[in-house]
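Heads up, the thing below is written out as structure tokens.
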Amino acid sequence: KWEPGQGLVNQALAAALRHLLHDQFTLVAQLEHQLVNRGGLTLQKMWFYVQPALAYMETLASVVRTLRKVRWSGGSLTVLRVSYWNSRYALRPDMVPDFLRPIQDKILITGKYHNVILQCGEKPKSSPEDRLCYSVDEREYGEKIERSYQLASRTLLDLLMQKVDLMGRLRSVKHFFLMDQGDFVVQFMDMSEEELSKELDDIVPTRLEVLLQLALSTSSVASDRYRDCVKHQVLEWSLLTQVEKIMTSDSAEVAAPLTALSPAPPARAWVLDKRSKRHGTPYPTRAFGLRQRMVDFVKNLQYFITVEVVEPSWHVFQDKMGRVCCHVTGNKPVFLGFEFGGAGLQVQTIDEVLQLHTELTDSFMSLCMLSNYPVFKVIYGILGLCLDFASFIQKQASECEAAKSQLGYIAEDEDGARPETPFDKKIVEVEESFNTSLSTLKEGIRQGLGGDRSGRGNSLVEMLHRIDFNEFYSTSRSSGTL
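Mapping of the sequence shown onto our numbering: position 459 corresponds to residue 470, and the numbering continues sequentially without gaps.
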């Protein structure tokens, strides 16, 4: 893992393992010194010295065996942290006293909160009166454990809000990944177009990293305090495969589908169209119309996701997380929680914050149709069709200088007829696929809204109306002209 070419994450992991093994190497050296120079190192003494390290070494061996088996690298290694936190502490039902069974989960969660606080370098707070002592009243145990749970949760929430700056980091996530300030994406895609057009094995990650940092430093997010935390990763699978993995597993490996929202390919086709007009190339009108419909679809989809889904949901979340409630102890303000805007309620535990964040992400998944895999698959197919069309137009434009006939320009016959060319056939094929996919998307969205009683699907209907405002796709399919 520490050899060149294994990646920075693997090298960092190997360095951490070497650091953890340093004490064990020291122990082995001391035992060897005692055996050679002093004598008297018996088997019983050696077992006494090495026994405390058995569990420690077994844990390290388990990590190494897992890495060797799955051959993970890069960001995939972070999945181990999820299973680590989920399995580091576990309940043993056969060892739980009967009077503690109703609150055993709360005891486990409280212990996890204390562990997280310790891992962050802080000391968990405790109250002397909450120490557990024998009592014949079972309710006394429950009350003390409940107070300990609330105190641990508030302490962890205070740590996240004050030291880690949770809301500041969430705002940065909104800037970078929810297209709040997405101009850096356009700059990065333009600057890295040549590099990203290469084969996967030929892409230089360090060059992409330099281009990404350059795009960040010259865009509207240049003043973001967490700008340096944005990194890139080259994946070997498509966005569709990744969304399918997210929907069918509990993996924590998630990447932002920024390229799916970028209108650069159809826009580039528009630039090539304008260039061809300047050169006198007779592009078919049908290609112009198809290109414009693709641009309109991508723009409406991006507007729907960013303006009609992300912004309202984010404002609701921000209002609930907006005002900090605190009281003053001495001269030091002590954090208590967050107050819902106008509701008079307080969010005082990390569990309530997690619930709010879960509601936010669930609304994104639902309204953006990410949870409806068949509909998302159609959208992904339409975006892929736009990319194919842009690549086809770009290829034809590059060949225009050598042979204008490759763009479909063939001299008219004496009777004025113009024979069909491969270019025309390709345009007809792409147009039929695009129209059919949009009609399928409309049907899928309408069927998905059939059981919606909350009114949250109105934005979807409005997006459909903007895309098919003149019922072009509906009439085309019903009349069989597709």
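Glycine residues also receive a C-beta, built at the ideal position from the N, C-alpha and C atoms.
Integer-rounded CB distance, given that residue j should sit under 8 Å from residue i
i	j	result
Val232	Phe195	6 Å
Glu206	Val215	7 Å
Gln45	Leu52	5 Å
Leu211	Val175	Rounded, the Cβ-Cβ distance is 35 Å, inconsistent with contact.
Leu71	Leu24	Contact doesn't hold; Cβ gap of about 11 Å is too wide.
Ser203	Leu222	5 Å
Pro139	Ile128	Not really, about 19 Å apart at Cβ, beyond 8 Å.
Ser164	Ile361	5 Å
Thr317	Met190	5 Å
Val8	Ile456	Nothing can be reported for residue 8: it is not among the residues displayed for the chain, which extend from 12 to 493.
Leu227	Val241	6 Å
Endpoints, the alpha helix (DSSP H) within which residue i is located
i	result
Ser249	First-last for Ser249: undefined, no H or E at that position.
Gly300	296-314
Ile156	149-169
Pro135	Per DSSP, Pro135 belongs to no alpha helix (DSSP H) and is neither H nor E.
Val197	194-202
Arg180	177-188
Phe328	322-331
Gln130	115-130
Asp362	361-378
Ser228	216-228
Phe110	No alpha helix (DSSP H) holds Phe110; DSSP gives it neither H nor E.
Gln62	Note, Gln62: premise wrong, no alpha helix (DSSP H); not H, not E.
Burial state of residue i (16 or more Cβ within 10 Å)
i	result
Gly193	buried
His33	exposed
Ser183	buried
His125	buried
Glu69	exposed
Asp239	exposed
Asp235	buried
Thr166	buried
Arg302	buried
His30	exposed
Glu454	exposed
Tyr145	exposed
Glu425	Only weak support exists for where Glu425 lies, its pLDDT of 44 falling under 50; the value from the coordinates is given anyway. Per the 10 Å Cβ criterion, exposed.
Phe36	exposed
Tyr100	exposed
Leu102	exposed
Phe400	buried
Val160	A quick correction: the sequence has Tyr, not Val, at residue 160. Buried is the call here.
Asp169	buried
Glu220	exposed
Met305	buried
Glu442	buried
Ser324	buried
Ala414	Any reading at Ala414 is ruled out, since the residue's pLDDT is 49, under 50, leaving its predicted position unreliable.
Lys56	exposed
Ser3	Within the shown structure, residues of the chain are numbered from 12 to 493, placing residue 3 beyond reach of any answer.
Thr372	exposed
Leu65	exposed
Ser208	exposed
Met474	buried
Met106	exposed
Phe308	buried
Does the segment 389-407 come close enough to the segment 319-331 that 3 or more CB-CB pairs lie under 8 Å? no
Would you call the segment 151-165 and the segment 196-209 touching, i.e. three or more CB-CB distances under 8 Å? no
Taking contact to mean at least 3 C-beta pairs separated by less than 8 Å, is the segment 304-321 in contact with the segment 388-397? yes
Given 8 Å as the limit, is there contact between the segment 38-46 and the segment 60-70, that is, 3 or more CB pairs closer than that? yes
Taking 8 Å as the cut-off, does the segment 474-481 touch the segment 446-455 (at least 3 CB pairs, one atom from each stretch)? yes
With three or more beta-carbon pairs closer than 8 Å as the criterion, would you say the segment 431-443 touches the segment 367-387? no
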